[in-house]
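Just so you know, we're using our numbering here: the sequence shown kicks off at 20 and counts up by one. Beta carbons are placed, not taken as given, at the ideal position from N, Cα and C, and that holds for glycine.
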Amino acid sequence: MPAEQVVSIPDDIDIDMASLALIGCAVTTGVGAVLNTAKVEPGSTVAVIGCGGVGLNVVQGASIAGASKVIAVDLLDNKLDYAASFGATHMVNGSKGDAVEQVREITGGGVDYAFEVIGNYRTVEQAIQMIRQAGTAVIVGMAPQNQTAGFDPLLFVQKEARLLGSWYGSVRPRLDFQRFIDMTLAGKLKVKEMISRTYTLDQINEAYDSLGRGEVARSVIIFPS
20 MPAEQVVSIP DDIDIDMASL ALIGCAVTTG VGAVLNTAKV EPGSTVAVIG
70 CGGVGLNVVQ GASIAGASKV IAVDLLDNKL DYAASFGATH MVNGSKGDAV
120 EQVREITGGG VDYAFEVIGN YRTVEQAIQM IRQAGTAVIV GMAPQNQTAG
170 FDPLLFVQKE ARLLGSWYGS VRPRLDFQRF IDMTLAGKLK VKEMISRTYT
220 LDQINEAYDS LGRGEVARSV IIFPS
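Structure, rendered in structure tokens:
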């Protein structure tokens, strides 16, 4: 492991290794996208497209930031139920109607911030369509290389909109990891609650199958000590 990739933490940190694993990945990416990349202000309205492990952390990041409405968007009701437990105020099932229109109806015209957390050109386009005048769309999901999304450039001029990309939550690991650990210990961040299941390494295929079926919020591989 290259030294620059290692972040040391105090030995007396009272937090389990599974939770630390999530802080090093989904928590940092999702919460960081809200607090660092977009810098969501209190009272803002937020839509989150995709409620997997990273999306749920965007949801709770928006809640921590003081957003007045946090709209979770997914195709699975169980994922929306997870989102509600992490701070979503409204749920939109995109398989039961036009997600963009539902979000615009809830907010009276569009959200201040829309986060795309899937990595699909269609949902990138939806995020852009969901924002209000002078709103911000943030791409967090990792789309396949060379995939392209389409949008009307004039829309950005007329709406004075912004499009941002967020790489790993725009974090500074040596500072932000400790910040997120402190927030977890203070009860502001739910991390342990996100772990739906744990697996051993020889159950890795089962873990991926469950992930593909959308059954878990987040699962963690536990290595023998």
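Rounded C-alpha distance that separates residue i from residue j
i: E135; j: R198; result: 24 Å
i: T142; j: I68; result: 7 Å
i: G169; j: I241; result: 41 Å
i: T126; j: A86; result: 12 Å
i: A236; j: I214; result: 7 Å
i: V92; j: A102; result: 9 Å
i: M36; j: L208; result: 16 Å
i: P243; j: G160; result: 31 Å
i: N97; j: Y227; result: 18 Å
i: T56; j: V119; result: 23 Å
i: S27; j: V210; result: 19 Å
i: R245; j: S114; result: With the chain represented from 20 up to 244, any question about residue 245 goes unanswered, as that position is not in the structure.
i: G206; j: A107; result: 17 Å
i: D31; j: S38; result: 15 Å
i: G116; j: R191; result: 39 Å
i: I42; j: M202; result: 11 Å
i: G128; j: I158; result: 21 Å
i: M20; j: R193; result: 16 Å
Contact belief for residue i with residue j at Cβ below 8 Å, rounded distance in angstroms
i: A45; j: G72; result: 4 Å
i: A133; j: M149; result: 4 Å
i: M110; j: L99; result: 4 Å
i: I34; j: L204; result: 7 Å
i: Y218; j: E212; result: Y218 to E212, Cβ: 18 Å. No contact.
Selected residue, minimal CA-CA separation from residue i, among the options
i: K88; options: V130, A22 and E144; result: V130
i: P61; options: G154, A84 and F105; result: A84
i: A156; options: S82, C70, T64 and L230; result: T64
i: E179; options: Q164, P192, G154 and N165; result: G154
i: T47; options: Q164, Y218 and V78; result: V78
i: G233; options: R191, P21, G74 and N165; result: G74
i: Q164; options: R181, G43 and G138; result: G138
i: F105; options: D221, I158, N112 and N76; result: N76
i: A66; options: I147, L220, E23 and Y140; result: I147
i: Q166; options: E144, Y140 and R181; result: Y140
i: L230; options: R216, L220 and D221; result: R216
CB contact flag (residue i, residue j, <9 Å)
i: V239; j: A40; result: yes
i: V59; j: I90; result: no
Notebook entry, point to check: Counting Cβ pairs, one atom from each stretch, are 3 or more of them under 8 Å apart for the stretch 50-59 and the stretch 183-191?
Noted result: yes
Notebook entry, point to check: Do three or more CB pairs link the stretch 193-212 to the stretch 171-178 at distances below 8 Å?
Noted result: no
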